[in-house]
Amino acid sequence: MTILRRTALVFGLPSVLFAAWWVFSAGSVDFYRPPLSSILAAFAETWFGSRIRDDVLPSLLRLAAGYSLALVLGIGLGVLIGLSPRLRIAVEPVLEFLRAIPPPVLVPILILFAGIGDLMKVLVVVSGCVWPILLNTVEGVRAIDPVLADTCKAYGIRGADRLRHLVLRSASPQIVTGARQALSVGIILMVISEMFAASSGLGFTVVQFQRGFQIPEMWSGVLLLGLLGVLLSGLFRLVERRVLAWYHGQR
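The sequence shown runs 1 to 251 under full-length UniProt numbering.
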């Protein structure tokens with residue numbers, strides 16, 4: 001009964017919204033707001049073919065590369081800044097200045113330095129994803145229990161062992177929170193980066209459909225992006241449960 005109830009809670013609202021979209025859009029003759037049946041037909045024709053390899057896969061690879069690099073930079077720098085009060089005071093004004101710059105504004109600048117290839121698109125994703133991870137890591141490291149820190153010191157746990165078993169483990173709930181926020185930001189920036197001087201990718205394809213007045217195909221691309229967001233969120237949740245199994249068990 002619990003499984004059925006959870007399934008109903010998860011799929012209940014999406015099913016209602018999907019049914020409402022179908023009913024209220026049925027018979028629509030508006031060129032820019034086609035019926036859902038037309039969008040689903042265009043979805044099957046557009047995405048169940050070579051576009052998966054030519055557009056969807058390159059977008060996901062760029063997202064994975066940028067997101068992974070943001071994780072490495074955000075966690076690495078966050079641990080260093082969180083462990084050193086002096087370093088935190090020194091870099092805080094610069095971090096606040098850089099964080100306030102919207103990542104889409106950096107796209108023209110990154111094009112100048114990195115060109116219009118995949119490197120630029122990866123860097124756009126990194127420029128937005130790194131901040132939630134970095135700031136949450138800093139706060140997680142700063143919030144380490146002083147009793148646990150004194151216990152490690154008393155038992156002579158230092159260096160890599162202290163970093164692994166105390167610092168990263170204590171900060172991991174905050175780090176995962178930042179990583180979850182960064183994932184949604186990364187999907188948005190993946191699309192935005194592909195709308196500038198690109199020749200493939202989901203963002204590029206959706207813009208091409210819009211410029212070519214292929215409206216059902218354009219809506220099918222938007223629908224695909226939403227489905228990919230749900231899928232990536234579900235995968236992240238599985239990883240989170242595994243990484244934070246000890247934390248949820250304690251709670």
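For glycine and all other residues, C-beta sits at the position ideal for the given N, C-alpha and C. Treat the numbers as computed from the prediction; the structure is a model and nothing was measured.
N-terminal and C-terminal residue of the alpha helix (DSSP H) that residue i is part of
{"i": "residue 16", "result": "2–25"}
{"i": "residue 53", "result": "That residue, residue 53, is in no alpha helix (DSSP H); it is neither H nor E in DSSP."}
{"i": "residue 174", "result": "169–194"}
{"i": "residue 67", "result": "57–83"}
{"i": "residue 150", "result": "146–154"}
When the options are compared against residue i, the one with the closest alpha-carbon
{"i": "residue 101", "options": "129, 74, 120", "result": "129"}
{"i": "residue 220", "options": "96, 39, 233, 99", "result": "39"}
{"i": "residue 232", "options": "2, 61, 23", "result": "61"}
{"i": "residue 169", "options": "149, 30, 122, 98", "result": "149"}
{"i": "residue 57", "options": "245, 203, 107", "result": "203"}
{"i": "residue 173", "options": "199, 200, 83, 135", "result": "135"}
{"i": "residue 176", "options": "230, 244, 45", "result": "244"}
Residue i versus residue j: straight-line alpha-carbon distance, rounded
{"i": "residue 236", "j": "residue 209", "result": "30 Å"}
{"i": "residue 248", "j": "residue 241", "result": "8 Å"}
{"i": "residue 167", "j": "residue 141", "result": "6 Å"}
{"i": "residue 53", "j": "residue 238", "result": "26 Å"}
{"i": "residue 86", "j": "residue 146", "result": "19 Å"}
{"i": "residue 192", "j": "residue 10", "result": "29 Å"}
{"i": "residue 27", "j": "residue 21", "result": "12 Å"}
{"i": "residue 257", "j": "residue 119", "result": "Within the shown structure, residues of the chain are numbered from 1 to 251, placing residue 257 beyond reach of any answer."}
{"i": "residue 206", "j": "residue 19", "result": "24 Å"}
{"i": "residue 105", "j": "residue 162", "result": "40 Å"}
{"i": "residue 93", "j": "residue 32", "result": "46 Å"}
{"i": "residue 253", "j": "residue 75", "result": "Here the chain has residues from 1 to 251 only, and residue 253 is not among them."}
{"i": "residue 158", "j": "residue 89", "result": "25 Å"}
{"i": "residue 47", "j": "residue 8", "result": "28 Å"}
{"i": "residue 228", "j": "residue 187", "result": "9 Å"}
{"i": "residue 12", "j": "residue 155", "result": "52 Å"}
{"i": "residue 199", "j": "residue 122", "result": "15 Å"}
7 Å Cβ shell around residue i - same chain, five flanking residues per side excluded
{"i": "residue 189", "result": "103, 124, 125, 128"}
{"i": "residue 132", "result": "178, 181, 182, 185"}
{"i": "residue 223", "result": "39, 43"}
Same chain, Cβ closer than 6 Å to residue i, neighbours up to 5 away in sequence not counted
{"i": "residue 116", "result": "197"}
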